Amino acid sequence: MAKFLVIVESPAKAKTIGKFLGSNYKVKASVGHVRDLPKSKLGIKIEENFEPEYITIRGKGPVINEIKKEAKKADKIYLATDPDREGEAISWHLSHILGLSKDDKVRIEFNEITKNAIKNAIKKPRQINQNLVDAQQARRILDRLVGYKISPLLWRKVKRGLSAGRVQSVATKLICDREKEIENFKPTEYWTLDAFLEKNNQVFKANFYGVKAEGKERKLELKSKDDVEAIVKEVKMSTFTVEEIKKGNRKRNPSPPFTTSTLQQEASKRLGFSTKKTMMIAQQLYEGIDIKGEGTVGLITYIRTDSVRISDEALKKAKDFIVEIYGEKYTTGIRKFKSKRKNDIQDAHEAIRPTLIDRTPEKIKGSLSVDQYKLYKLIWERFIASQMSPALYETLSVKISAGKYIFKASGSKIVFDGYLKIFKDDKQEKEIEIPNLNEGESVNIKDIQPEQHFTQPPARYTESTLVKTLEELGIGRPSTYAPTISTILSRGYVVLENKYFKPTDLGILVTELLLEYFTDIINEEFTADMESKLDKIEEGVLNWRDVINEFYQEFKVSLEKAENEINKIEIQNEVTDIKCEKCGRFMVIKHGRFGKFLACPGYPECKNTKPIVKELGVKCPECGGELIERHTKKGRKFYGCSNYPDCSFVSWDIPTGDKCPECGGILVKKKNKKGTYIVCSNKECKYKKETKEE
């Protein structure tokens, strides 16, 4: 009987696939890449047309020896790494190590790890796609040139441990640019004017729109208190008359199933997951989970995709499921989505969807961890919803005149929930009830309320909005966003404050330095253009060495100029009035992985460090000590007593210092999208109070 060897990247993937194949198949894992550029040097022979110097990755010797041993026993070898550039490159390196011919049909690929998908893939092996490999090589070499040429420059001129990168530096620049916008923002005053009107004891609100003159309507902006007071004085003496009523219908269509980027964005907004956490859990769901009664099975399709395409088979099964569970009215037939990209080279991959529609989140909840269940539920519901009927609304728009001024009221009422039955999107409309009105009739005015506002600066980026912006600008690929964000955080270029990115002084300094000398590289247009060129390499339109050479000729000139012109920059640490208890020097503020901390400037003679204590101004309810802000090893914020370890009081939420009026428990502040509210920490007590705090 013939023997077959199947090589994948991860042990989890190997375990899942191994259960689908017969005893004459052996499945081994390479545990990621087996060859790469050396860490100790550039590893690129620039003078030899950028020839890469690949070496075996340290520690991979035993893995490679085991794979070679099994390969000698096999009659046929299949390389089953992931279906993308990275996976193709891993297969290419494996074929080199195993001495396979480039003409051998050894490469198999599949979009989901299910029995049918694996067995179908084995029937259709192909040659390794050299264009895919070259696109990955080009990215790797390009990033190595930027990183290994600029980073040492930063080490020499600024401080050790810094780094620069084609994508990470642009991501940092976006965050710095947004901070500048916020700092330079000048708020503008404006006013709104709401009239509360009544008919048949039902009160409704109409918003000021503008003025009517010579038979024409004109929108009027209220810019000052004087503007508003003059209008209020006039309309209070006027009759509010219904001039026009418009009734209509509107439908809201569901969103497409997830791509890598949209999954990262929604998991951040809905679940509070970081991009890194989202990709880690998604990888687990893709590679296989042990499901009770089924064994190990891949729950979702491949997780690195830019496409919203769904296979015809999956679309039909989704339609059948919806009809069976929800009824015919909840489907309008098969709905196909098109990618926004004009040349989506990754369209061979489907959008992220469940591998089996009938495997509902509730059905397999007992086999999943809490976070696995949350993410799987999000993916499953988004996919099913994408194939459901639109939500339908009845709309009503009313124009009301008060003298020469116009007010408008609008409302909507959902008449059919459609896809909202299982997937509530973040654009959910609040229904507004308006009484039955007739054109020409008058309504009573109950109150008129002017309110002053000021325009707000743009918000800082969250992980979700940063990922969205990077994708819209064509910077990097969604699969690179998680490591990019991890890098700029670990380097101390940005920090997360209440889930918003804020640049540090170091991040601003490095960004300004890079922009001065490498403006042709550290910008959005260059990075997006390079992604387009990598796509063209993958398509076989461009030669990867030509692309790298074109880049390097300009880059070399910028590098020489920076080396000659940049003087050594001394970064001064902020000195505090806190004395080091060991040597008496005034301690300075330094930045670490989890934020700022105090350190003695006498290092290395004195190595004393201590956390920066942020007091809440609230007494500990157990011992009367001061409550302070603390952080877990993973950086999560919590609140504890300054007398720890003598007092062990802790809380994830901010204690207010007050006691619950109903049970005497500790009151804490909680926040959600609607604002801040105060609740009792006693889970059995239902006390809750809203607060006006922003």
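Just so we're aligned, residue 11 is where the sequence shown starts under my numbering, counting upward by one. Every residue, glycine too, gets a C-beta built ideally from N, C-alpha and C. Please read all numbers here as calculations on a predicted model, not as lab measurements.
Nearest-angstrom Cα separation, counted from Asp187 out to Lys196: Residue 196 sits at position 186 when you count from the first residue of the sequence shown. Residue 187 sits at position 177 when you count from the first residue of the sequence shown. Those two C-alpha atoms are separated by around 16 Å.
Terminal residues of the continuous beta strand (DSSP E) containing Asn577? By one-based count along the sequence shown, residue 577 stands at place 567. Looking at the DSSP string, Asn577 is not in any beta strand (DSSP E), and its letter there is neither H nor E.
Using the three-state DSSP reduction, which class does Ala469 fall into: helix, strand or coil? What you label residue 469 is simply residue 459 of the sequence shown in a count that begins at 1. Reduced to three states, the DSSP call for Ala469 is coil.
Would Leu378 pass as a contact of Ile299 if the rule is Cβ separation under 8 Å? In the sequence shown, counting from the first residue as 1, residue 378 sits at position 368. In the sequence shown, counting from the first residue as 1, residue 299 sits at position 289. Their beta carbons are under 8 Å apart, which means Leu378 touches Ile299 by this criterion.
In this structure, does DSSP put Arg117 in helix, strand or coil? As a position in the sequence shown, residue 117 is number 107, starting the count at 1. Correct three-state label for Arg117: strand.
Pairwise C-alpha distance: Arg45 and Lys286: As a working mapping, residue 286 is identified with position 276 in the sequence shown. As a working mapping, residue 45 is identified with position 35 in the sequence shown. Going by the C-alpha atoms only, they are around 24 Å apart.
Could you round the C-beta distance between Val177 and Thr537 to whole angstroms and report it? I think they count as a contact, below 8 Å. By 1-based counting over the sequence shown, the position of residue 177 is 167. By 1-based counting over the sequence shown, the position of residue 537 is 527. Right, their Cβ atoms sit about 6 Å apart.
Distance between Pro400 and Ser40 (C-alpha atoms, nearest Å): Indexing the sequence shown from 1 puts residue 40 at position 30. Indexing the sequence shown from 1 puts residue 400 at position 390. About 46 Å.
Span of the alpha helix (DSSP H) holding Asp316? Taking the sequence shown and counting its residues from 1, one reaches residue 316 at position 306. Looking at the DSSP string, Asp316 is not in any alpha helix (DSSP H), and its letter there is neither H nor E.
Length of the line joining the Cα atoms of Phe14 and Glu694: Here residue 14 refers to the residue found at position 4 when the sequence shown is read from its first residue. Here residue 694 refers to the residue found at position 684 when the sequence shown is read from its first residue. Roughly 60 Å between the two C-alpha positions.
Quick one, are the C-beta atoms of Cys616 and Cys590 less than 8 Å apart? One-based indexing of the sequence shown puts residue 616 at position 606. One-based indexing of the sequence shown puts residue 590 at position 580. In contact: Cys616 and Cys590 (Cβ atoms closer than 8 Å).
Alpha helix (DSSP H) runs contained entirely in the region 124–154, provided each spans 4 or more residues: 125–132
Could you tell me if Ser33 is buried or exposed, where buried requires 16 or more neighbouring beta carbons within 10 angstroms of its beta carbon? Within the sequence shown, residue 33 is the residue found at index 23, counting from 1. Looking at its Cβ environment, which holds fewer than 16 other Cβ atoms inside 10 Å, Ser33 is exposed.
If you reduce the DSSP assignment to three classes, tell me which class Ser271 lands in. To locate residue 271, count along the sequence shown from 1; it is residue 261. Helix, per DSSP.
Tell me, to the nearest whole angstrom, how far the beta carbon of Pro371 is from that of Tyr383; I am working on the premise that it is less than 8 Å. Counting from 1 along the sequence shown, the entry for residue 371 is found at position 361. Counting from 1 along the sequence shown, the entry for residue 383 is found at position 373. Going by Cβ atoms, the distance from Pro371 to Tyr383 rounds to 6 Å, so yes, they are a contact pair.
Integer-rounded CB distance, given that Lys680 should sit under 8 Å from Ser474: To locate residue 474, count along the sequence shown from 1; it is residue 464. To locate residue 680, count along the sequence shown from 1; it is residue 670. Their Cβ separation, rounded to whole angstroms, is 21 Å, which puts Ser474 and Lys680 out of contact at 8 Å.
Using beta-carbon positions only, say whether Ala131 and Ile118 come within less than 8 Å of one another. For the purposes of this step, residue 131 is identified with residue 121 of the sequence shown, where counting begins at 1. For the purposes of this step, residue 118 is identified with residue 108 of the sequence shown, where counting begins at 1. Yes, they are a contact pair.
Compute the beta-carbon to beta-carbon distance between Leu295 and Leu309, rounded to the nearest angstrom, for a pair I have assumed lies under 8 Å. Indexing the sequence shown from 1 puts residue 295 at position 285. Indexing the sequence shown from 1 puts residue 309 at position 299. Contact flag correct, Cβ pair sits at about 5 Å.
Stretch-stretch touch, CB-based, cutoff 8 Å, three pairs: the region 510–524 with the region 107–118: no
Taking the continuous alpha helix (DSSP H) assigned at Tyr340, which residues delimit it? For this step, residue 340 is matched to residue 330 along the sequence shown. Here Tyr340 belongs to no alpha helix (DSSP H), and DSSP marks it neither H nor E.
Could you check which residue in Glu573, Arg369 and Ile485 has the C-alpha nearest to that of Glu526? Position 516 of the sequence shown holds residue 526. Selected option, being the one with the closest Cα: Glu573.
Pull up the distance between the alpha-carbon of Ile320 and that of Glu541, whole angstroms please. Here residue 320 corresponds to residue number 310 of the sequence shown, with the count starting at 1. Here residue 541 corresponds to residue number 531 of the sequence shown, with the count starting at 1. Their Cα atoms are separated by approximately 25 Å.
Reference Val425, options Lys543, Gly97 and Lys261, closest by Cα: Position 415 of the sequence shown holds residue 425. Closest option to Val425, Cα to Cα, is Lys261.
Minimum length 3: unbroken beta strand (DSSP E) runs contained in the region 445–492: 452–464
Residue from Thr272, Lys226, Lys23 and Val168 whose Cα sits closest to the Cα of Asn121: Here residue 121 refers to the residue found at position 111 of the sequence shown. It is Lys23 whose Cα lies nearest to the Cα of Asn121.
State the DSSP-derived secondary structure class of Pro197, mapped to helix, strand or coil. Stepping through the sequence shown from its first residue, residue 197 is reached at position 187. Residue state, collapsed to three classes: coil.
Got a sec, what are the start and stop residues for the alpha helix (DSSP H) Lys38 sits in? Counting from 1 along the sequence shown, the entry for residue 38 is found at position 28. Where Lys38 is concerned, there is no enclosing alpha helix (DSSP H), although the beta strand (DSSP E) it sits in stretches over Tyr35 to Ala39.
Boundaries (first-last residue) of the beta strand (DSSP E) holding Arg262: Residue mapping note: residue 262 aligns to position 252 of the sequence shown, counting from 1. Taken as a continuous stretch (DSSP letters only), the beta strand (DSSP E) holding Arg262 covers Phe250 to Arg262.
Simplified DSSP assignment, three categories, for Leu31: In the sequence shown, residue 31 corresponds to position 21, counting from 1. Coil, per DSSP.
By alpha-carbon positions, which one of Gly502, Lys509, Ile495 and Gln462 ends up nearest to Tyr200? On the sequence shown, position 190 is the one that residue 200 refers to. Of the listed residues, the one whose Cα sits closest to Tyr200 is Gln462.
Between Thr529, Gln137 and Arg154, which lies nearest to Tyr64 when the distance is taken from Cα to Cα? Position 54 of the sequence shown, counted from the start, is the residue given in the question as residue 64. Checked all of Thr529, Gln137 and Arg154; the closest Cα to Tyr64 is Arg154.
From the DSSP output, in three-state form, read off Met597 for me. Taking the sequence shown and counting its residues from 1, the one referred to as residue 597 is at position 587. Note: Met597 maps to strand in three-state DSSP.
Nearest-angstrom beta carbon gap, Thr465 and Thr198 [assumed within contact, 8 Å]: Within the sequence shown, the letter at position 188 stands for residue 198. Within the sequence shown, the letter at position 455 stands for residue 465. The pair is a contact, with the Cβ atoms about 5 Å apart (cut-off 8 Å).
Taking 7 Å as the cut-off, is the C-beta of Ser33 nearer than that to any heavy atom in the ligand NAP? Questions concerning the ligand NAP fall outside what the structure shown contains, since it holds no ligand whatsoever.
If you measure between the beta carbons of Ile17 and Leu104, is that distance less than 8 Å? Within the sequence shown, numbered from 1, the residue matching residue 17 stands at position 7. Within the sequence shown, numbered from 1, the residue matching residue 104 stands at position 94. The answer is yes: Cβ separation under 8 Å.
According to DSSP, simplified to helix, strand and coil, what is Thr285? Taking the sequence shown and counting its residues from 1, one reaches residue 285 at position 275. Three-state result, Thr285: helix.
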